[in-house]
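No gaps in the numbering here: position 326 of the sequence shown is 384 in this note's numbering, and each next residue is one more.
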Amino acid sequence: MRAATSTRLADADVGAVDTHCPYCALQCGMTLSPAGRASVRVRPRDPSAGGLCQKGWTSAALLGSPARLTTPLVRDGGTLRPASWDEALGLVARRIKEISAERGPDAVAVFGGGGLTNEKAYLLGKFARVALGTSQVDYNGRFCMSSAAAAAHRAFGLDRGLPFPLTDLEGADAVLLAGANPAETMPPFLSHLRRAMDAGGLIVVDPRRTPTAERAALHLAPAPGTDLALALGILHAAVAGGRLDHAYVAERTTGFEETWRVAAAWWPERVERVTGVAAADQRRAAAMLSEAASAYVLTARGVEQHATGVDTAGAWINLALALGLPGRRGSGWGCLTGQGNGQGGREHGQKADQLPGYRKIDDPAARAHVARVWGIEPSALPGPGRSAFELLDALGTGGGPSALLVFGSNPAVSAPHSARVADRLAALDLLVVSDIVLSETARMADVVLPITQWAEEDGTLTNLEGRVLLRRRALAPPPGVRTDLEVLHDLAVLLGQPPERFPAAPETVFTELRAASEGGPADYSGVTWDRLRAGERLHWPVPRRPEHGQPERDKPGHDKPEHDKPGHPGTPRLFLDRFAHPDGRARFAAVDHKGPAEPPDEEFPLYAITGRVLQHYQSGAQTRRVEELRAAVPEAYVEVHPDTARRAGLSDGAAAAVVGRRGRVVVPVRCVPSMRPDVVFLPFHFPGAQRANLVTNPALDPVSRMPEFKVCAVRLTPAGEREAQ
Ligand code: SF4
């Protein structure tokens, strides 16, 4: 293990290095000083304009943490012991060969993460399909952004979280944030909403009065699982109030009539009975958005993490379309992506149904293109595999994989119905985890591979506005660790692949990614590391050939030699002229309210909702090991209205059991008067008996296969002595 003081500068990189925060999709720019501590580089029009949040400021603390893994571990007689890389990788390769030979290639599965760089996500998907030959590959981004992605594909023909630059929001007079709490998840983002907040134009839809809702001029607090009905009510109010943008709907969309047939039955007073949101407030929201010169509708996990997440995101898109917002400069709809590379991570092939460039794996032309880049026959590419929860749920069962390789994820804490997932992980014949610390999933592994952290490696990420960013190596990694790319290279070679097919140098991998993405929806072929190093702000698609579709004589630099021609400038704003469907029109979706998959009943009378706190990120594997963050929020808790606590025989600080159909969470009570009396809130960053996902419902959206993290039925009781321990 390495001491905190031993963080060293790379010889080649002496001096401050500009890079990006390792955590959320805002990807705030930061400068790492020679001491290795993070500090802000002020750039007024950069996403970091609002500074760094506490997570960003403290992110360097983990670089020298004593919790850092610096040697491979292999399980021996029930315990993990240090091993050499040769022993660890040799063991993994041998077991993979044995399991694959015995049960077929789909017996070996891969689970990735939305924090992996584009290069890692790309090489991981290629490793799964080519080196392992398995279809069983998916990633934790399935839990985060897949419902909005599917809804955006359906509506616009293309998914990019924000189809406009983040800075466009600075001109907004009105912004509706549905199921988003950026004041805690990405505080600097609020600097872009300053004008809307100052103008009294911020509308927040959230069952809780979050720190974001506190800043809103209008806070709408629907019952959990009813925000689709609320979106229908606001749409109804807009149309009935004469606010429909008839010209836009006629010229740029299809499907409004079918959508209105559904929304017509959801007049605001009826919606009020279902959601608890006053009809007058629904009408006020419609008026605020339609009367603003510049207005946006933005959604996030609160909208998506439902068994009806695609339709719920679609309902908010319907509202934006009815008001004529998407595809117009200065207005729009967008999704706030969560994980650091949540956008790029879903574009480059670690998803069960996708190939690089956001291509579909069942599209023959896509398969032919990617197979050509990879030097294999299209028929050698596996088809679609299981989605994330279905994959985890099948582990160690008769028909499911019996080996799993995990990169950049901690599903023992972050997956829904986590007791079931832990059982499945324990049933595997081989569990391999590549991580920087001994996460809860790594503790269960047969082999743990210690890898580099963000500041110790180069790579690219794609932030929430679809802009490709260069992550720069600022520090030499400690002896003994390897990059994920090196691990994939080494394993691929041990499995019999030619070494050049799995390059370990990130820029080389990116060059191949560019070719694999060329011509796809997320086309990176015109992005080069040299352009990123030069500070170009490139939003995909960035085709290799500049100014596609223009006559040659009109292209900038047409008279210059090819290597001197300027690159494509990227596409900061999508859809200004047309949407990505073949007819150029956006699609309304005729979606209706269904409600949560598991509504409260007599036995479990409360809604449990889950979410984040400012100090922690995802499963907390990193942030729980940063002393300043751990000291600020050392453990989970349950937020509850004081009356609800009293009825359960509980008071502030008492140990409570939040009991659901799949398990129970034992946490101290935090009484919050602004909570709805029918709702309890659990942060999901904590392990053991405090895992919020012990109670969450793995009911999946039929399209995105995203679980219903955001609502399940529970009851609240005092914790027994055994539970409180
Ligand atoms: S966690 Fe997100 S908001 Fe906070 S500093 Fe990092 S990138 Fe910025």
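By construction, the Cβ of each residue, glycine as well, lies at the ideal position given by its N, Cα and C atoms.
Query: Sub-8 Å separation of residue 488 and residue 452 beta-carbons; Result: no
Query: As assigned by DSSP and simplified to three states, the class of residue 776; Result: strand
Query: Runs of alpha helix (DSSP H) lying entirely within the stretch 543 to 610, each at least 4 residues, in chain order; Result: 564 to 575, 587 to 591
Query: Start-end ranges of the beta strand (DSSP E) lying completely within the stretch 301 to 364, minimum 3 residues; Result: 353 to 357
Query: Cβ-Cβ distance between residue 473 and residue 502 below 8 Å; Result: no
Query: Contact test: residue 508 Cβ vs the ligand SF4 heavy atom, cutoff 7 Å; Result: no
Query: For residue 667: DSSP bridge partner residues; Result: 739
Query: Where residue 770 falls: helix, strand or coil (DSSP); Result: strand
Query: Counted within 10 angstroms of its Cβ, other Cβ atoms place residue 685 as buried (16 or more) or exposed; Result: exposed
Query: Residues of its chain near residue 671, where Cβ-Cβ distance is below 8 Å and the 5 sequence neighbours each way are ignored; Result: 242, 691, 741, 743
Query: heavy atom of the ligand PLP below 7 Å from residue 453 C-beta; Result: This structure lacks the ligand PLP; the ligands present are the ligand SF4.
Query: Cα-Cα separation, residue 292 to residue 649; Result: 14 Å
Query: Same chain, Cβ closer than 6 Å to residue 247, neighbours up to 5 away in sequence not counted; Result: 84, 240
Query: Residue span of the beta strand (DSSP E) that contains residue 715, given as start and end; Result: 713 to 718
Query: For residue 509, three-class secondary structure by DSSP; Result: strand
Query: Other residues of its chain near residue 231: CB distance less than 8 Å, five sequence neighbours each side excluded; Result: 253, 254, 257, 259, 350, 351, 352, 353
Query: Residue 356: CB within 7 Å of a non-hydrogen atom of the ligand SF4; Result: no
Query: Limits of the unbroken alpha helix (DSSP H) element including residue 755; Result: Run containing residue 755: none in the alpha helix (DSSP H); it sits in the beta strand (DSSP E), 755 to 758.
Query: Euclidean distance between Cα positions of residue 224 and residue 525; Result: 10 Å
Query: Cut-off 8 Å between Cβ atoms - residues of its own chain near residue 696, not counting five sequence neighbours on either side; Result: 714, 716, 723, 725, 726, 727, 728, 738, 739, 740, 774
Query: Residue 269: CB within 7 Å of a non-hydrogen atom of the ligand SF4; Result: no
Query: Alpha carbon of residue 591 to alpha carbon of residue 639, nearest angstrom; Result: 34 Å
Query: Cβ-heavy atom distance, residue 251 to the ligand SF4, below 7 Å; Result: no
Query: Residue 375 and residue 209 closer than 8 Å at C-beta; Result: yes
Query: Opening and closing residue of the beta strand (DSSP E) in which residue 232 lies; Result: 232 to 236
Query: Entirely enclosed beta strand (DSSP E) segments - the stretch 375 to 441, minimum 3 residues; Result: 390 to 393
Query: Residue 299 versus residue 323 - alpha carbon distance; Result: 15 Å
Query: Residues near residue 389 by beta carbon distance below 7 Å, same chain, minus five either side; Result: 352, 353, 354, 383
Query: Beta-ladder partner(s) of residue 494, from DSSP; Result: Bridge partners of residue 494: none, in fact.
Query: Check: residue 203 C-beta below 7 Å from any heavy atom of the ligand SF4; Result: no
Query: DSSP beta-bridge partners of residue 227; Result: DSSP lists no partner for residue 227.
Query: Bridge partners - residue 526, DSSP secondary structure assignment; Result: 520
Query: Exposure label - residue 238; buried when at least 16 CB within 10 Å; Result: buried
Query: Range of the contiguous alpha helix (DSSP H) that encloses residue 183; Result: 176 to 184
Query: Proximity of residue 751 and residue 475 at Cβ, strictly below 8 Å; Result: yes
Query: Extent of the continuous beta strand (DSSP E) to which residue 167 belongs; Result: 166 to 170
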